[in-house]
Amino acid sequence: MKSSLSYKECKERKKQEELTRSQVAGAVMVAVGIYAKFAKEGNAVDSLTTDPALLLIFIGSLIFIITFFGCFGALRNAVCLLKIFLGTMVVILLLQIAAALLGFLFSDMVLERTELLMRRGIVLYRDDMDLENVVDFVQKKFQCCGGHSYKDWSYNAYFECSKTNPTLERCGVPFSCCIQQKKKSVLNTMCGYGTQNLNELLAGKSIYTTGCLDKIVRWGKQNLLFTGGITVGILCLEICMISLAAAQISQITRIQQSNANRRGTYRLKKQGNTS
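Position 274 of the sequence shown, counting from 1, maps to 274 under the UniProt record's numbering, and the rest follow consecutively.
Written out as structure tokens, the structure reads:
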């Protein structure tokens, strides 16, 4: 009997620890997102799909609210809150599975959507500091430039390769496209100037000419087991939380039913004694 109780207590404690970690992670994401949003300049882009700060606030708020229901429901043995948490987690799990299947079946549509987002990032480069940092990170990480080609940067007003563009960056690319020379410790931020006027062979001596979409697709194929393992791990964690919530709901319901039966039996006995 003692081992059974300790096992249940261990399960409850494990569940509460997982929910608390998720709640803290959600709160941190909200705080970072709010700080990033208010720290930006006045001309920030107010778009959820392209603004990393708003994306952090949205995801963090969602995680915090969901885990609040689970954590508070587990601490207070509130079946209603636990059912809300359980139902939300099941919906999220089904949506993730559906998104994975749709992404596999409609991979061309996903690539088109990714291309549009990349194009939007190029167009809004320099207008949004957060978006600029994201684009620079992607280009440095994958050693790429633009969406399909380095000449995609002509879609940006600052790098547009036209005679009407008066900026010094005309026909150029951002410094994140530049190939970092191992012998040079100082990065030449002007190394991409005028590279759109060069052919791919000549431009390839100073900048990366391959588009980021091609590099990302190639990286995804090469690291399929890694990304698949992370995805399966997240799904297993969600299934574990769903199972623990369902087990606690069942246990609370069983105890409540048992208490109700005892109260009913006690009332019947009391009525029998009085009669």
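Ideal placement from N, C-alpha and C gives every residue a C-beta, glycine not left out. Note that this is a predicted model, so its numbers are computed, not measured.
CA-to-CA distance, residue 113 to residue 255, given in whole angstroms: Between the alpha carbons of residue 255 and residue 113 lies a gap of roughly 51 Å.
Where the alpha helix (DSSP H) containing residue 195 begins and where it ends: Careful: residue 195 lies outside any alpha helix (DSSP H) and carries neither H nor E.
DSSP-derived helix/strand/coil call for residue 178: In the structure shown, the three-state DSSP call for residue 178 is strand.
Coil, strand or helix - residue 154 by DSSP: If DSSP states are grouped into helix, strand and coil, residue 154 belongs with the helices.
Exposure label - residue 189; buried when at least 16 CB within 10 Å: Result: exposed.
Contiguous alpha helix (DSSP H) assignments of at least 4 residues, all confined to the segment 108–176: For the segment 108–176, whole alpha helix (DSSP H) runs of length 4 or above, ordered along the chain, are 129–142.
Residues bridged to residue 207 (per DSSP): DSSP lists 178 as partners of residue 207.
Exposure label - residue 174; buried when at least 16 CB within 10 Å: Answer is buried; the Cβ neighbour count reaches 16.
Cβ-Cβ separation, residue 123 to residue 156 (assumed contact under 8 Å), whole Å: Approximately 6 Å separates the beta-carbon atoms of residue 156 and residue 123; this is inside 8 Å, confirming the contact.
Euclidean distance between Cα positions of residue 44 and residue 57: Low confidence applies here, because residue 44 scores a pLDDT of 44, under 50, leaving its location unreliable and the question unanswered by this model.
Length of the line joining the Cα atoms of residue 143 and residue 80: Answer to the nearest angstrom: the Cα atoms are 50 Å apart.
For residue 94, the nearest candidate out of 269, 271 and 242 (CA to CA): The alpha carbon of residue 94 has as its nearest neighbour, out of 269, 271 and 242, the alpha carbon of 242.
Through-space distance from residue 161 to residue 191, alpha-carbon basis: The straight-line gap separating the alpha-carbon atoms of residue 191 and residue 161 is approximately 16 Å.
The segment 97–109 / the segment 129–143 touching (three or more Cβ pairs under 8 Å): Below 8 Å, too few C-beta pairs join the segment 97–109 and the segment 129–143 to call them touching: fewer than three.
Stretch pair the segment 228–247 + the segment 84–92: three plus CB contacts closer than 8 Å: Enough Cβ pairs lie closer than 8 Å, so yes.
Residue of 76, 66 and 102 minimising C-alpha distance to residue 91: Comparing alpha-carbon positions, the option among 76, 66 and 102 lying closest to residue 91 turns out to be 66.
Own chain residues within Cβ distance below 8 Å of residue 264, not counting five before or after: Here the set comprises nothing.
Residue 147 and residue 213 closer than 8 Å at C-beta: Taking 8 Å as the Cβ cut-off, residue 147 and residue 213 qualify as a contacting pair.
Identity of the residue in 145, 197 and 149 nearest residue 163 by Cα: The residue with the shortest Cα to Cα distance from residue 163 is 197.
Beta carbon of residue 207 nearer than 8 Å to that of residue 150: Closer than 8 Å, so yes.
First and last residue of the uninterrupted alpha helix (DSSP H) at residue 106: From DSSP, residue 106 is part of no alpha helix (DSSP H); its letter is neither H nor E.
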